[in-house]
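K.L.:
Here the protein sequences line up with chains H and R, keeping their order. Residue 155 in my numbering sits at position 76 of the first sequence; the count goes up by one each step and never skips. Residue 323 in my numbering sits at position 244 of the second sequence; the count goes up by one each step and never skips. A virtual CB, placed ideally from N, CA and C, is assigned to each residue, including glycine. All values derive from a computational prediction rather than experimental measurement.
Protein chains: 2
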Amino acid sequence: MNQVHINLGERSYDIRIGAGLLDHADTWAQLPKAAAALIVTNHTVAPLYLARLQASLQAHYAKVHVCSLPDGEAYKTWESLQLIFDELLGQACDRKTVLFALGGGVVGDITGFAAACYMRGVPFVQVPTTLLAQVDSSVGGKTAINHPMGKNMVGAFYQPERVVCDLATLNTLPQRELSAGLAEVIKYGPIADMAFLDWIEQHLGDLLARDPQALAHAVQRSCEIKAHVVGLDERESGLRAILNFGHTFGHAIEAGLGFGVWLHGEAVGCGMVMAAHLSQRLGLVDAAFTERLTDLIHQAGLPIVGPDLGTEAYLHHMRVDKKAEAGDIRFVLIHPPGSAVVRGAPDALVAEVLQACCQA
Amino acid sequence: MNQVHINLGERSYDIRIGAGLLDHADTWAQLPKAAAALIVTNHTVAPLYLARLQASLQAHYAKVHVCSLPDGEAYKTWESLQLIFDELLGQACDRKTVLFALGGGVVGDITGFAAACYMRGVPFVQVPTTLLAQVDSSVGGKTAINHPMGKNMVGAFYQPERVVCDLATLNTLPQRELSAGLAEVIKYGPIADMAFLDWIEQHLGDLLARDPQALAHAVQRSCEIKAHVVGLDERESGLRAILNFGHTFGHAIEAGLGFGVWLHGEAVGCGMVMAAHLSQRLGLVDAAFTERLTDLIHQAGLPIVGPDLGTEAYLHHMRVDKKAEAGDIRFVLIHPPGSAVVRGAPDALVAEVLQACCQA
């Protein structure tokens, strides 16, 4: 087992990474004591891993309750959150109850937000079962639900007690979701570590074939970079925004098509292509970099051409993005490769990028 | 103008207390800069004070949006919260937008929770217009909405940037609500300061007649005591629970009758009578204390006899109270007068208290 430490003072915690962690009672040792735990999961993950997590948690909690939600981004809503609160209150769960998020990014975000709000805050543990959640969404304490008018608009910064990445759970992940997770892995290269980008290029075949050692390294290095950034800027007042590389364009794609049509990672993959093009047009990177990144994203099985939503729709969705300030869109751009800057760009230039990167 | 400082490190803030503060642009100086503000209020308070607050805020914000909610505890729901998010997103409000809660405890709690969640946190200012909100709910950062299965079950600890208590707004308060506010004023005596209880007894007539000097002192001293307690225990891991004197029984009354039938302060007033009786039966205070407190609560215009919900219903509602642990009810009891303890009590004893204190 490997560990990555997230250093956030009294909110510090560890990410545990390894194959088969789910089944070891040890994995859950030294968490806050409580009479009850609640596992939140979804209908896809439950048949695969729920019974095993329940069995393993029973060594620590007298009662292990379950709340299983429908699968998908479309269910990252208040209604799902309400199902969790109904279960907690229906089982008379007190404010020491520990929540466990067993699933991908949606389950993690919604469970984290439920934990942040239930009785004004109960402890929770992330047990991500998708590559995307293991390398990104389960780490760093961003929790949220979607609002009909925007993604992740209602949420909290709320840190888990622990993140447990059981690499064996990636074996049941559909190939499309593996690729979506690779988008967030690839992201860490351009914004922070070009040597890691080299490594990803060299091992992309192994990663797509789920070679355990390759996956272990990808998860570990991604978490290390995220831990470093989050440790410096927990609440995204500055630096942390670089983790949103590809996400401004990506969110517009998700919002424009309707959440859930493209996977989040697919939208981020295509969004990184757009952000690279914008960086290039602003003179921040050269054409070779854009081409190299685009190739890698394509080879990872991700879309590199955006849907034709129309420039106005893209701009509208990006203006209501959380990162926008007084209607000015804030883009995460690469300058130079291996580091990122956050800045605005003229609408006309963004329109050119969209024209170059979208389906006619 | 008087000020009380809440000392919470980087989350510190001031409570400003005085008559006519609402109309002075100075009152809002040195708040976080933003392009827009949103005033959340209710249909009762809006006709009285909204235009004045809007005018006074326009010196600081280019846009001052408004979201007015129906009045009452019954509307402290997710649906109301959703109206605030709809307005914020509909007006493309970014994450620097400052929220202002203009109204009583319900408006303050819901606005604070909206501020805690919108884009994972925006600044907010409490502008309490009821005595209860000025002396209690607007101070200390507890925010929440109700769940059909329990009061304040979904919320956050989230501190305002400032609390502005305009004493002149108390002139339009219905007498029933003035009395409800006095319940929380009286509370501070038994738990923290018997000299203050003496003062309240001596000035109860002035308070009920809304003598400005008496109200100013009552608000100031209440805020000082609350500030002291909250400064020592922001997240209610221990000491802060003493502020819930009367609230365990009180919440059961509110939940049992349906939220909004009794005012929160009325339930707390009657709850303090019950908690005094329980303290007495446990040998923590003498009969004279119980009698003295009961008299004062009665003279303040508050109920001292509980509704006949049946012992089982009371116990059930108290078991799902947030302060309960693994089904054990935690009572705030007086021992000795001027200080409080938090502990359990045998069901049989609680049943005796309920029988003595409830309508046959």
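Report the three-state DSSP secondary structure of K266(H) (helix, strand or coil).
P.N.:
Of the three classes helix, strand and coil, the one that applies to K266(H) here is helix, per DSSP.
K.L.:
Helix, strand or coil, according to DSSP, for Y140(H) in the structure here?
P.N.:
coil
K.L.:
Can you confirm whether the segment 277 to 287 of chain H touches the segment 400 to 417 of chain H when touching is taken to mean that 3 or more C-beta pairs between the two stretches lie within less than 8 Å?
P.N.:
Here the segment 400 to 417 of chain H makes no contact with the segment 277 to 287 of chain H; the two share fewer than three CB pairs at distances below 8 Å.
K.L.:
In its own chain, which residues sit with a C-beta less than 6 Å from the C-beta of A430(H), not counting the 5 before and 5 after it?
P.N.:
Cβ within range, chain order: T390.
K.L.:
Just to confirm the assignment, what range does the beta strand (DSSP E) spanning G97(H) have?
P.N.:
Where G97(H) is concerned, the enclosing beta strand (DSSP E) stretches over Y92 to G97.
K.L.:
Counting pairs of Cβ atoms below 8 Å between the segment 248 to 264 of chain R and the segment 341 to 353 of chain R, do you hit three or more?
P.N.:
In short, these stretches touch, since the Cβ pair count reaches three.
K.L.:
Which residue wins for smallest C-alpha separation from Y92(R), given the options P227(R), N121(R), V242(R) and A427(R)?
P.N.:
Ranking the options by Cα distance to Y92(R), first place goes to V242(R).
K.L.:
Tell me where the alpha helix (DSSP H) around D305(R) begins and ends.
P.N.:
Checking the sequence shown, residue 305(R) turns out to be Lys, not Asp. P291 to L311 is the extent of the alpha helix (DSSP H) around K305(R).
K.L.:
Are any of the Cβ atoms in chain R nearer than 7 Å to that of C172(H)?
P.N.:
no
K.L.:
Would you mind reading off the limits of the beta strand (DSSP E) that contains I118(R)?
P.N.:
A115 to N121
K.L.:
Could you check the C-alpha separation between L87(H) and E313(H) for me, to the nearest Å?
P.N.:
8 Å
K.L.:
Where does N225(R) sit, in a helix, a strand or coil, going by DSSP?
P.N.:
strand
K.L.:
The beta strand (DSSP E) with G187(R) in it runs from where to where?
P.N.:
Element bounds for G187(R): not the beta strand (DSSP E) but the alpha helix (DSSP H), G184 to C196.
K.L.:
Can you tell me whether N250(R) is buried or exposed, with buried defined as 16 or more other CB within 10 angstroms of its CB?
P.N.:
exposed
K.L.:
List the whole-angstrom C-beta distance separating L162(R) from C146(R), where the pair is believed to meet the contact cut-off of C-beta under 8 Å.
P.N.:
Contact holds; Cβ gap of about 6 Å.
K.L.:
For P149(H), which residues from the same chain have a beta carbon less than 7 Å from its beta carbon, with the 5 sequence-adjacent residues on both sides left out?
P.N.:
Excluding sequence neighbours, P149(H) sits near N121 and H122.
K.L.:
How many Å lie between K155(H) and R255(R) at the Cα?
P.N.:
42 Å
K.L.:
With 7 Å as the threshold, decide whether the Cβ of L110(H) is near any Cβ in chain R.
P.N.:
no
K.L.:
Using only the alpha-carbon positions, how far apart do V42(H) and G200(H) sit?
P.N.:
The structure shown does not extend to residue 42(H), since chain H spans only 80 to 439, so no value can be given for it.
K.L.:
Name the two residues that bound the continuous alpha helix (DSSP H) containing D165(R).
P.N.:
W157 to G169
K.L.:
Just reading off the alpha helix (DSSP H) that D426(R) is part of, what are its end residues?
P.N.:
Counting along the chain, the alpha helix (DSSP H) containing D426(R) begins and ends at D426 to C436.
K.L.:
Between which two residues does the alpha helix (DSSP H) holding H356(R) run?
P.N.:
H343 to R360
K.L.:
Buried or exposed for L167(R), please, with buried defined as at least 16 other CB atoms from any protein chain shown within 10 angstroms of its CB.
P.N.:
buried
K.L.:
So that I know if they touch, is there some Cβ in chain R lying closer than 7 Å to that of V201(H)?
P.N.:
no
K.L.:
Since E404(R) sits in a beta bridge, which residues does DSSP pair it with?
P.N.:
According to DSSP, which records beta bridges pairwise, E404(R) is partnered with D407(R).
K.L.:
So who's on the other strand from C146(H), going by DSSP bridges?
P.N.:
V119(H)
K.L.:
Anything in chain H within Cβ reach of W157(R), meaning under 8 Å, just list it in chain order.
P.N.:
W157 and Q161
K.L.:
If you measure beta-carbon to beta-carbon, which residues of the segment 120 to 147 of chain R are closer than 7 Å to chain H?
P.N.:
none
K.L.:
Taking only beta-carbon positions, decide if F338(R) is within less than 7 Å of chain H.
P.N.:
no
K.L.:
Which residues of chain R have a Cβ atom closer than 8 Å to the Cβ of M232(H), listed in chain order?
P.N.:
The contacting residues are F164, L168, Y197 and M198.
K.L.:
Identify each residue in the segment 390 to 411 of chain H for which the Cβ-Cβ distance to at least one residue of chain R is less than 7 Å, and report them in chain order.
P.N.:
Among the residues of the segment 390 to 411 of chain H, those with a Cβ less than 7 Å away from any Cβ of chain R are R398, V399, K401, A403, E404, A405 and G406, in the order of the chain.
K.L.:
Tell me which residues of the segment 358 to 383 of chain R have at least one Cβ-Cβ distance to chain H shorter than 9 Å, keeping chain order.
P.N.:
none
K.L.:
How many Å lie between A295(H) and L246(H) at the Cα?
P.N.:
Cα-Cα distance, rounded: 7 Å.
K.L.:
With DSSP collapsed to three states, give me the class of N86(H).
P.N.:
coil
K.L.:
Would you say T208(H) and T176(H) are within 7 Å of each other, going by their C-beta atoms?
P.N.:
No, Cβ-Cβ distance for T208(H) and T176(H) is not below 7 Å.
K.L.:
With distances taken between CB atoms, is the gap from L211(H) to E263(H) smaller than 7 Å?
P.N.:
yes
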